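J.:
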Amino acid sequence: MSVARGEEPAEIVFKNAQLVNVLSAEIYLTNVAVDDGRVVGIGDYEGRETIGLEGAWLAPSLIDGHFHVESTMLTIPEFVRAAVPHGTGAMVIDPHEYANVLGLDGIRYVLESSKNLPVDFFIMLPSCVPATHLETAGARFTADDLALMIADDRIAGVAELMNYPGVFLGMESELAKIRAGKGKAIDGHAPGLRGKNLNGYALAGVRSDHESTELEEAREKLRLGMHLLVREGSTERNLEHIIALVTPQNSANCSFATDDKLAGDLVQEGHLDHSIRRAIELGVAPITAIQIGSINTARHYRLRNHGAIAPRFWADFVVLDDVEKFVVRQVYKKEKLVAEKGHYLG
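Residue numbering for the sequence shown follows the working numbering, starting at -5 and increasing by one per position.
#1: Pick from Q324, E1, G175, E129: whose alpha carbon is nearest that of R42?
#2: Could you check where the alpha helix (DSSP H) with D99 kicks off and where it finishes?
#3: DSSP three-state call for G31: helix, strand or coil?
#4: What is the DSSP secondary structure of A309, counted as helix, strand or coil?
#5: Excluding the 5 residues flanking F320 on each side, which residues of the same chain have their C-beta closer than 6 angstroms to its C-beta?
#6: With C-beta atoms as the reference, is I303 less than 7 angstroms away from F250?
#7: To which residues of the same chain is I149 closer than 8 angstroms at the C-beta, ignoring the five residues directly before and after it?
#8: Runs of 4 residues minimum, wholly inside the stretch 238 to 313: which ones carry the alpha helix (DSSP H) assignment?
#9: Residues in the same chain with beta-carbon distance under 8 angstroms from V261, minus the five sequence neighbours each way, listed in chain order, please.
#10: Among V14, I36, A238, V7, which one has its Cα closest to the Cα of A46?
#11: Which runs of the beta strand (DSSP E) at least 3 residues long sit entirely within the stretch 191 to 246? Give them in chain order.
#12: Select from D139, D58, V200, T130 the residue whose C-alpha is nearest the C-alpha of M156.
#13: Using only CA atoms, which one of L13, D30, I21, V16 lies nearest to P3?
#14: Are I127 and E154 touching if we call contact CB-CB under 7 angstroms?
#15: Can you check whether the CB of S121 is closer than 7 angstroms to the CB of K176?
#16: Determine which residues share a DSSP beta bridge with L331 and list them.
#17: Mapping the DSSP letters down to three states, classify V16 as helix, strand or coil.
#18: Is the stretch 25 to 39 touching the stretch 308 to 319 in the sense that three or more CB pairs, one from each, lie closer than 8 angstroms?
#19: Rounded to whole angstroms, what's the CA-CA distance from Y158 to I180? Just pull it up for me.
#20: I'd like the list of long-range same chain contacts for A196, defined as Cβ closer than 7 angstroms, with 5 residues on each side in sequence excluded.
#21: Could you give the residue range of the beta strand (DSSP E) that holds M118?
#22: With burial defined as no fewer than 16 other Cβ atoms inside 10 Å of the residue's Cβ, what is the status of S18: buried or exposed?
#23: Out of L111, W51, M67, R134, which has the shortest C-alpha to C-alpha gap to K330?
#24: Round the Cβ separation of H62 and D254 to the nearest angstrom and send it over; I've been treating them as touching at under 8 angstroms.
#25: With 16 as the cutoff for other CB atoms within 10 Å, does G258 come out buried or exposed?
#26: Cβ atoms of S202 and V16: under 7 angstroms apart, would you say?
#27: Alpha carbons only, please: which of D138, H80, E72, V78 is nearest the one belonging to S107?
#28: Give me the Cα-Cα distance between V152 and L140, rounded to the nearest whole angstrom.
#29: With distances taken from CA atoms, which of V26, I101, L13 is nearest Y39?
#30: For G37, which of Y295, A273, R(-1), D316 has the nearest alpha-carbon?
#31: Can you give the Cα-Cα distance for T291 and G59, rounded to whole angstroms?
#32: Which parts of the stretch 118 to 171 are runs of the alpha helix (DSSP H), unbroken and 4 residues or longer, counting only runs that do not cross its ends?
#33: Who pairs with P54 in a beta bridge, going by DSSP?
#34: How many angstroms separate the CA atom of L23 from the CA atom of A11?
#35: Kindly indicate which three-state DSSP category F73 falls into: helix, strand or coil?
#36: Mind reading off the beta-carbon distance from Y338 to P79? Whole number of angstroms is fine, and I expect it under 8 angstroms.
Listed below in structure tokens is the structure:
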């Protein structure tokens, strides 16, 4: 608190930054003081170390709202090496294939292998293991299995309910999985679902969907209170078809997600930085696109102290040379420099 009051110097002050303030939807010149890995103040501060940004943009690190890391065919640490230089600071992941093969031990492995990395991983518990009853899998999850792990702080909720007919038809086995979420996020998976059946799906407690491929489908889901995950991955590229729906008035209910991303696309094309660039190219204001890629996702999944640059938030930053083209110069994780000019520093 003494640092925030200006009575003691901060560890680091980022001077002369064009702060991308996703909380007030503004971009303005200021200084950002950080101490012990967190932002402690915005404004005129002294620091034991000063980093002069000379008018470069300072934005919050990006957060992917739905991702299967298995699609990269990389281990989690190797995925991090590829993603961090693109500005990624946190991930909400569904380790569905880990669970398909290893059951709850697969989830425990993901929790352990994603610790102490320059990306924070939050896990959604797979709800459909196996995906269909026709598959041969290493495990079968019921609501009781989900209940065993839901209390973990890094479990953000229940992953995509792929048996959407089972949900809107009121199958007890599916509704029990929603109840097992204990008030945490419940992700949907409802490709093409419209009308009264979609109403039933939303009524059951499903709070988001990433499967919209057409604008009117996305509009209907948004109108029914579902958080819209705008997907732009490798196999499914829906952003250009639905981004016109997003306005400053409704954008708080939208996030970016990649779902599945091949390693080659991740390296050559980018991660969420690619989604932000495409959105801006298609007419979304830069501040709105960055909100969709950061604070909106943090709020929806209740990721405390993530997604913005303000006192108490983690010092997870992206330094940009060009906010319109989202050109990443540097990436900081809890005030530590972890990537620079496309190179991972760890």
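Built from N, CA and C at the ideal position, the CB exists for glycine as well.
Every value quoted in this text rests on a predicted model; they were computed, and no experiment measured them.
T.: If we stick to the structure as given:
#1: E1
#2: Annotation: the continuous alpha helix (DSSP H) that includes D99 extends over 98 to 107.
#3: coil
#4: coil
#5: D267, I270, R271
#6: no
#7: F116, I117, M118, L119, M143, K178
#8: 257 to 262, 266 to 275, 280 to 286, 289 to 294
#9: A76
#10: Note that residue 46 corresponds to Gly in the displayed sequence, not to Ala. Measuring from the Cα of G46, the nearest candidate turns out to be V7.
#11: 221 to 225
#12: V200
#13: D30
#14: Per the sequence shown, residue 127 should be read as His rather than Ile. Result no, Cβ atoms of H127 and E154 do not sit closer than 7 angstroms.
#15: no
#16: Paired residues: Y326.
#17: coil
#18: yes
#19: 12 angstroms
#20: L218, G219, M220
#21: 114 to 119
#22: exposed
#23: L111
#24: With 8 angstroms as the limit, H62 and D254 qualify as a contact, their Cβ atoms being about 6 angstroms apart.
#25: Label assigned to G258: exposed.
#26: No. Outside cutoff.
#27: E72
#28: Straight-line Cα distance between these residues: approximately 8 angstroms.
#29: The candidate whose alpha carbon is nearest that of Y39 is V26.
#30: It is R(-1) whose Cα lies nearest to the Cα of G37.
#31: 6 angstroms
#32: 137 to 143, 158 to 162
#33: F311
#34: 5 angstroms
#35: Secondary structure at F73: helix, using DSSP grouped into helix, strand and coil.
#36: 6 angstroms
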